[in-house]
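**Student:** Every letter in the sequence shown is one number past the one before it in the UniProt record's numbering, and letter 152, counting from 1, is 152.
Don't be surprised by glycine CBs; every beta carbon is placed ideally from N, CA and C.
Given the structure is predicted, the values throughout are model-derived calculations rather than measurements.
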Amino acid sequence: MEKRSLIHKIDFLWNGLDKTLGLIVLALVAISIVTFISATSGTHVQFIDQARNLIVSIGVMLIVSRIPPKWLEKSAIWIYTIGIALLLAVAAFGLIKKGARRWVNIGIVIQPSEIMKIAMPMMLAWYFQRREGVLKTWDYGVAALLLILPVALIGRQPDLGTALLVLASGIYVIILAGFPWKYIIPVVGAGTLGILLIIIFGGYICEPEVKWYLLHEYQKNRVCTLLNPSSDPLGKGFHTIQSIIAIGSGGLFGKGWLNGTQAHLEFIPEKHTDFIFAVFAEEFGLLGNIILLGLFVALIQRGLAISSNAPTLFTRLLGGAVTMIFFTYAFVNMGMVSGLLPVVGVPLPFISYGGTALVTLGIGVGILMSIHRYRRLVQS
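1. Based on Cα-Cα distance, which residue from L368, D274 and I291 lies nearest to N333?
2. By alpha-carbon positions, which one of R101, K74, A92 and A168 ends up nearest to M116?
3. Tell me the rounded alpha-carbon separation between A177 and K236.
4. Cβ of L54 within 7 Å of Cβ of V34?
5. Should L227 and G202 be called a contact, given that it needs their Cβ atoms to be closer than 7 Å?
6. Report the CB separation of H272 from A39 in whole angstroms; it is logged as a contact under 8 Å.
7. Tell me which residue opens and which closes the alpha helix (DSSP H) that A321 is part of.
8. Find the nearest neighbour of L287 within the set G250, I106 and A152, judged by alpha-carbon distance.
9. Between V279 and S41, what straight-line distance do the alpha-carbon atoms span, to the nearest angstrom?
10. Can you find at least 3 beta carbon pairs, one from the stretch 123-139 and one from the stretch 323-339, that sit closer than 8 Å?
11. Thinking C-beta only, is V109 closer than 7 Å to G94?
12. Among the candidates L361, L88 and I351, whose CA atom is the shortest distance from the CA of L293?
13. Starting from A100, follow the beta strand (DSSP E) in both directions and report where the run begins and ends.
14. Contact between the stretch 254-266 and the stretch 308-325 is defined here as three or more beta-carbon pairs at a separation below 8 Å; is this criterion met?
15. So G319 and M61 are supposed to be a Cβ contact under 8 Å. How far apart are they, rounded?
16. Please classify S65: is it buried, with 16 or more other beta-carbons within 10 angstroms of its beta-carbon, or exposed?
17. Just reading off the beta strand (DSSP E) that K97 is part of, what are its end residues?
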């Protein structure tokens, strides 16, 4: 009897997975490893930590990819409820780090807001699946209430970046569920007008004596720094100015791996986490940026293709929302690092150093893999 190789014995792990999506993720992981090694050169951060995080993330992806979407649908309300309970626990007795109450100790220290990035679209997709065929206008109001509660709890911590990501994940589901454009267009118009007014009157509203009652002082500073980073080049504007210099100095082909001066002379802050894109852009230039952007576009395109071919409303909504979360991560991070958006602490998907964030991304890819595998099984 012919002996089976180890690869053939464990081929059940990737059997049925979407190979295109898998190759895209592996390419991003390869870029992450190369960039991380350069970004942490001469620092106390160890590559073994990021390698462990990536392995855990890929492991979680493989596990989730084996879970039938029907099971995800049945567990959605429970995962959402547990997430809300943990957010309430954070508000009541959560741990405070760097002035923010975002963590809770349940035997291990976790950040419950990360759970809601996946739990929120799962819950809303479950709700709209239940209302399929009898959907009324007021159902969107119910969905909005389900969305506002965790966003408010996360924003109160305060954690504006995560709150915006959870809000976006819920809004994507609501829009994909058929929310009328006649209501969306006025909101987009009002938001655009608000941005224009902030730009026009930025010099006045950013004066120290002017209070922004809906935002914390540090959040006001981030918006004002975006409008005029040179107003405090060695303080609040330092992050933005140095990252823009790094991106610009990369030129067409970059300075070469391990040769980025802004990164290795310690001018780029948080260079292995939120600002790792600046390190990559300086060392690999415009050409490297185009390749990286191409991979993210391919990731989003493949995720939407899997979602559009999904067999149920739940899987279409969940897959579409998860894919658009990847887009939001990449868009916000790159916009933040290049000075187009305020600094909000959003990592670059699969590139930035992180534990919980990488696991969340792994779950997201695993969900898309599960949707793809389930569709294949239904058709076979």
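**Tutor:** This is what the structure holds:
1. Nearest option by C-alpha distance: D274.
2. When C-alpha distances from M116 are compared across R101, K74, A92 and A168, the shortest belongs to A168.
3. Distance between the alpha carbons of A177 and K236 is about 41 Å.
4. Contact flag unset, no.
5. G202 is positioned such that its CB atom lies closer than 7 Å to that of L227.
6. Yes, they are in contact, since the Cβ atoms of H272 and A39 sit about 4 Å apart, within 8 Å.
7. L313 to V337 is the extent of the alpha helix (DSSP H) around A321.
8. Taking L287 as reference, the option from G250, I106 and A152 with the minimal CA-CA separation is G250.
9. Answer to the nearest angstrom: the Cα atoms are 12 Å apart.
10. Taking one beta carbon from each stretch, the stretch 123-139 and the stretch 323-339 have fewer than 3 pairs nearer than 8 Å; the two do not touch.
11. No, the Cβ-Cβ distance between G94 and V109 is not below 7 Å.
12. With distances taken between Cα atoms, L293 lies closest to I351.
13. A100 to N105 is the extent of the beta strand (DSSP E) around A100.
14. Between the stretch 254-266 and the stretch 308-325 there are fewer than three C-beta pairs closer than 8 Å, too few to call the two in contact.
15. The beta carbons of G319 and M61 sit about 14 Å from each other, so the pair does not count as a contact at 8 Å.
16. With 16 or more Cβ atoms within 10 Å of its Cβ, S65 is classed as buried.
17. Counting along the chain, the unbroken beta strand (DSSP E) around K97 starts and ends at L95 to K97.
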